[in-house]
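Structure, as structure tokens:
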Amino acid sequence: MNSIPTKPKDATWTDEQWKAIWATGQDILVSAAAGSGKTAVLVNRMIEKVIAKENPIDVDELLVVTFTNASAAEMRHRLADALEKEIAKDPHNAHLRKQLSLVNKAQISTLHSFCLSIVRQYAYLLDIDPGFRIASEGEISLLRDDVLKEVLEEAYSAEDENKVNRIYRLVDSFTSDRDDQDIEVLIDQLYDTARVHPEPKKWLHSLVEQYQIPNDVTVDELPFIEHLKNAIEFQLEEARSHLLTVRKYALMPDGPAPYGETVELDLALIQEASRRIRASWKEAYEFFSTLKWSTLARVAKDSCDEELKKKAQDKRNKAKDIVNKIQHTYFARKPERLIEEIRLMAPTIETLVELTLQFGEKFKQAKLEKAIVDFSDLEHYALEILTIEEDGKIKPSPVAIEFQQRFKEVLVDEYQDTNMLQETILQLVKSGDESNGNLFMVGDVKQSIYRFRLAEPMLFLNKYLTFEEEPKSSGLKIDLNANFRSRKEVLYGTNYIFEQVMGEKVGEIKYDEKAALKPSAPYDDVEVPVELAIIYEEQPDTSNDNEEEDIDLMIQEEMKKSQQEARYIIQRIREMMDAGATVYDTKQKDPGKRMRPMRYSDIVILMRSMTWSNDIIEEFKAANIPLYAESSKGYFEALEVMIMINLLKVIDNPYQDIPLASVLRAPFVGLTENEMALIRLTEKQSTFYEAVKIFVEKEHSGLETGTQSKLEKFLKQLDNWRDLARRGSLSDLIWQTYLDTNYYEMVGAMSNGKQRQANLRALHDRALSFEKSSFRGLFRFLRFIDRMKSRGEDLGNAKSIGEKDDVVRLVTIHSSKGLEYPVVFVAGLGSNFNLMDFNQPYLFDQEYGLAVKAIDPDNRIMYTSLPFLAMKEKKKLEMKAEEMRILYVAMTRAKEKLVLVGSVKDWEKTKQNWCEVQSLAQDEMLPDYVRARARNYLDWIGPAISRHASFKDFSDTDYTPIQHPSTWQVSVISNDSFMKKQEKMEETENELAKKEVDDSLLQELERRFTHIYPFERATKKKSKTSVSEMKRIENLQQEDESEYFGIYYKNRKKSFVKRPIFMQEKQLTATEIGTAMHTVMQHVPQQGFINTEEAQRFLETLVEKQLIREEEMKAIQIEQLLHFFATPIGKRFSNAKKLYREVPFTLSVSDAEGDSQMIQGIVDCLMQDYDGKWVLLDYKTDKILPFFDEEEALIAEMSKRYSVQIRLYAEAVEKILQIKVDEKVLYLFEAGKEIQLEALV
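Here the sequence shown stands for residues 1 to 1241, numbered as in the UniProt record's numbering.
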């Protein structure tokens, strides 16, 4: 290790931090406990290397790997700030200025981003499209689904009968009779597990080898057997503990003394069992096969305390049950039979591996065809670029060697969350070995909580155990345990719990002095103890004969744990708020202002999962305390999302009864149950959609007209939506449904409306993201959602609050990692751990691969195989270690106040179990079996707290408490108190309801709620509009909508949309021709044309001046133009004294209520003839022939279409120019006629 500069006296770094910033010369592992400033250390190490006076390095010679993009952006920002400060001190330093310019090019990113840069740069070395893109999670899921189904279909239809039989045997072994989804999930998970290994194919092939056991191998030679023996040892230790308690009872003055002799024989039996287990499996089998317990000695009546006698019997029975369970679980079958069961599963495993390899290859090809990659591909492609194979061994490629020479140091944040594949990549780009390398790793194995994402904390742990504080031939290990986040009470409380529960056998790491948190934050000396609240259920009094009280007890039992814990948290929040609780604001620069009143936003409730979120939200809502629950589930269960997805299903296929019924009952259609029933009675045999159509077509429905109109409107909208779904984008369709139904506004007016609207926006945004993938269309989108739901996957509710909103937050412990909160409630500590994975007939493990139960599909028999038993015990211990780390993360989020809340069913029984460990020595941690058998967090916290001085008031026996600086405040509360408070609140509400109503108040409320704004029309009226818009609105108001719908529905015309440009080039629309004719009339010579040639030359001139296009010129019929000048109105046009064309105007018009509106328009032509009359002339190119051959019909139709427009034009001209319009004329080019609208306007 190179020399470390002396730390200045005014430096704020601890000695360990200083060492971590400056140490060099070998690989370095920094074990940084929670709140120890690891990010600051990492950033300052980078900065010091860049600004060093001697041998400074360039920013782009550092590879910095972070866990999230946000962390990478923060580090980049901090580095830039530090460089700017250094430049301010030395403005002429060229090196520093160069570094500032390189910051944005620096390789500070997530490992996936680094791999992406490698693959982009060296794509030519791979067989992939260099223009590839990263596919979205949804796109990959759909593609995986398609490929997996294709692989299975090919397997089922294979020509090799033997292969098909093996496939069917595999499927029968792992699926139900209903479908083969279970085998799809199995292949999917096996593929993902293999992909975290550097050589996934090799790892998959090794699975088969593990089941092909040679004939001479014994159980003791199996690689996983130690895990099984350790698990049996834990159980024997627990049995021994129970027997030692029996011995203690027997030795008491009033104890059952004769039991003493029997218990000694029992203890000898346990000792022999343990010896046999360690000797060999065969000896253990022989021992348990002949196991026989001694008969319990007789105790004379009244010779001892009957209660002690019963307790002793119960304890001995527990010990016997444990040992008998070991016998039945592990030694019911001969060792030879256990080995044979493993061999029997080898063909099935081989078939499974073959299918997985086929799936992997086809999946890769499918992605190559679409030029897409996923994140796992990035890592494997990068590994392929960075390695070459020589003599069957993997070695660094020239590219990897180039990276080794380029990067002076490789820094990795959150190292505990890496996996084997990522570790391999890092080892390829770093230089040297552990003793002289340049890899700097920061992390905390106690915060490794992502094993479910296939992270491997043992990578960190193994290095922690092999690296040394003063290394000679290994890497350097540095422990950072000074905490700059929390009060000492929070830290001492955390230390107290984990010193007793986290060990090497159970917990994977020993929580020793180096791991213990040291308070270093500048808080005051006010004592703020850690609170532990135990809420228990009142046990019913069986001697009570009062029926009413029994009913009350039943109601009380029905109260959920989630409700009672929520009510306790609400109570504590109110107490803190009412007491004027304050928090320490570290962002406040003025020391005198750092203490400020506590706000709701200072409080967080942490949960292991969000299964209680709905109940907690309801309780907080009732208590009128703002709460925001950040969930990763529940999106598809949200009412507004379900309704909109059902609407999309109906648009895709209306012949789906359940989605259609949901939509018809939705508020934007609004049918009642009775109306739905009568529709069904209209047509009982067909689909509901057919029944609706038949019902609408019937003239006498038997229902109110309102119902008929609702259905007619919906069916019309449905036709439009289905049309849009075929020709438009999915996101446009979804937003159009929001607009047409006003459902977005509706949900905004409901309770929690802001969140509901955010959910609907999220549905639209997810549709947008989906369309950016290689999949398209409504059907595929709905299939994608159905796939997620069928596999139990979900999305979180859309975020609807900001960081500064003053609300209590309810979040999972996982999402709180890396964050800190002044006040933390950790709830649900009595909820059992999730063991669902252990109910599957298979288990995955990164070390041993895949363990399956021994399955005989022919006889439908399943045995719990030895590998499965071993893997189950191993995975359980790993799960317990992970749960310990999750609890550690939860407790270390608190800055000032930590409140632990848990519920138990029977407090007395729970307390007795906890107090069994009170006899342990002061420095002894909880026994391995106690920690290994834990089913929830309270099973660790409770026994540990039972040894603390704060538990004295609850313990029934005397004990010597552990001497520890932690301070605890333990509360044991009956849930009956919450029921009574609820009853009191309900009684108060009932009393308020019974009070006489103040009539004057009622009248005032009625007046306010029924008030109609006198200028309601003005709120919907535009301040500025056009004449064309006003004409359209007035014409629509004259339409009979019900008649129109009848025509529409029975003889619906195709809707027209704007033609694409390539079609416009071939043929112009009527609107385009009309616009071209108006342009011609705007510039036409007043005197007209002598002949066709002159008119043609004029049109060509307009094209040259780019006033019209050549296509438009060709569409102008010169005959119509010449005919205009031959008509009476054309001659008046030629001879007019004054002629104004395309006259724009703006006019303020007031309605009957006095509300004014600006109207804009353009008059085609205004002229004054030789008689002095003013004529308003408007040109029309409408298609009217042969529909209106008769003069009378033509005049009536034109008046209907344009009377409003011409009236407004005339009114504007008269008001603005102060002249009287004498004539209003329409000239119809197609008919070659003029129509006087004087009498009709």
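Backbone N, C-alpha and C fix where the C-beta goes; we use that ideal spot for every residue, glycine too.
When the Cα of residue i is compared with those of the options, which residue comes out closest?
| i | options | result |
| --- | --- | --- |
| Thr-494 | Ser-966, Gln-1106, Ser-955, Asp-417 | Ser-966 |
| Thr-586 | Arg-599, Met-75, Pro-822, Glu-538 | Pro-822 |
| His-964 | Lys-325, Ile-497, Ala-366, Leu-678 | Ile-497 |
| Leu-426 | Val-410, Glu-390, Val-650, Gly-728 | Val-410 |
| Val-826 | Pro-841, Ala-854, Ala-890, Ser-816 | Ala-890 |
| Glu-384 | Tyr-536, Ala-400, Ala-371, Ala-82 | Ala-400 |
| Lys-897 | Glu-1111, Leu-1107, Trp-968, Gln-922 | Trp-968 |
| Thr-1071 | Met-1030, Arg-1097, Ala-1115, Ile-1090 | Ala-1115 |
| Ile-108 | Val-412, Glu-226, Arg-596, Lys-325 | Val-412 |
| Leu-715 | Lys-85, Val-663, Asp-127 | Val-663 |
| Ile-645 | Trp-612, Pro-626, His-764 | His-764 |
| Ala-82 | Thr-110, Gln-708, Thr-66, Lys-49 | Lys-49 |
| Pro-597 | Leu-1194, Asp-590, Gly-580 | Gly-580 |
| Lys-309 | Val-147, His-328, Arg-247 | Arg-247 |
| Leu-730 | Asp-740, Ala-758, Arg-780 | Arg-780 |
| Ile-349 | Leu-843, Val-824, Glu-272, Ala-762 | Leu-843 |
| Glu-916 | Gln-922, Ser-946, Leu-887, Gly-902 | Ser-946 |
| Leu-647 | Leu-660, Leu-639, Met-595 | Leu-660 |
| Lys-430 | Phe-452, Met-420, Glu-402 | Glu-402 |
| Phe-407 | Pro-519, Leu-63, Ile-625 | Leu-63 |
| Arg-885 | Asp-806, Val-501, Tyr-211, Gln-717 | Val-501 |
| Asp-602 | Lys-804, Ile-28, Phe-688, Gln-212 | Lys-804 |
| Val-59 | Leu-29, Ile-28, Pro-91, Asn-104 | Asn-104 |
Just grab the DSSP bridge partners of residue i for me.
| i | result |
| --- | --- |
| Phe-1145 | Gly-1161 |
| Val-65 | Ser-109, Val-412 |
| Tyr-1013 | According to DSSP, Tyr-1013 bridges with nothing at all. |
| Thr-812 | Met-607 |
| Gly-849 | Asp-845 |
| Lys-1233 | Leu-1228 |
| Met-595 | Tyr-584 |
| Leu-476 | Ile-28, Glu-468 |
| Glu-531 | Val-899, Gln-969 |
| Ile-372 | Arg-133 |
| Asn-483 | Pro-519 |
| Gln-1168 | Lys-1138, Trp-1174 |
| Thr-1025 | Ile-1159 |
| Lys-1183 | The partner list for Lys-1183 (beta bridge, DSSP) is empty, contrary to what the question assumes. |
| Leu-678 | None; Leu-678 has no bridge partner. |
| Ala-854 | Tyr-863 |
| Leu-627 | Val-808 |
| Ser-1150 | Ser-1156 |
If I measure Cβ to Cβ from residue i and keep anything under 8 Å in the same chain, skipping five residues before and after, which residues do I get?
| i | result |
| --- | --- |
| Glu-683 | Glu-690, Ala-691, Ile-694, Phe-695 |
| Pro-857 | Arg-169, Asp-172, Ser-173 |
| Phe-1015 | Glu-1153, Asp-1155 |
| Ala-250 | Pro-256, Ala-257, Pro-258, Tyr-259, Gly-260, Val-263, Ala-312 |
Assuming residue i and residue j are in contact, meaning their beta carbons sit under 8 Å apart, how far apart are those beta carbons, in whole angstroms?
| i | j | result |
| --- | --- | --- |
| Leu-606 | Arg-893 | 7 Å |
| Val-1221 | Leu-1176 | 5 Å |
| Ile-651 | Arg-722 | 6 Å |
| Leu-810 | Ala-629 | 4 Å |
Go through its chain and collect everything with a Cβ distance to residue i's Cβ below 6 Å, but skip five positions before and after it.
| i | result |
| --- | --- |
| Ile-785 | none |
Using C-beta distances below 7 Å, list every residue in its chain close to residue i, excluding the 5 sequence neighbours before and after it, in chain order.
| i | result |
| --- | --- |
| Gln-416 | Gly-443, Asp-444, Val-445, Gln-447, Ser-448, Pro-457, Phe-460 |
| Ile-322 | Gln-235, Glu-238, Ala-239 |
Should residue i be flagged as near chain C, meaning a C-beta pair shorter than 7 Å?
| i | result |
| --- | --- |
| Glu-423 | Here there is only one protein chain, and chain C is not present. |
Return the chain-ordered ranges of every beta strand (DSSP E) run that is complete within the stretch 384-447 and spans a minimum of 3 residues. At a cut-off of 3 residues, the continuous stretches assigned as beta strand (DSSP E) that sit fully inside the stretch 384-447 are 387-390, 393-396, 409-412, 439-443.
Please go through the stretch 233-305 and give each complete alpha helix (DSSP H) segment of 4 or more residues, from N-terminal end onward. If one requires a minimum length of 4 residues, the alpha helix (DSSP H) runs lying completely within the stretch 233-305 are 259-279, 281-289, in chain order.
Which parts of the stretch 1077-1106 are runs of the alpha helix (DSSP H), unbroken and 4 residues or longer, counting only runs that do not cross its ends? Fully enclosed alpha helix (DSSP H) runs of 4 or longer: 1092-1104.
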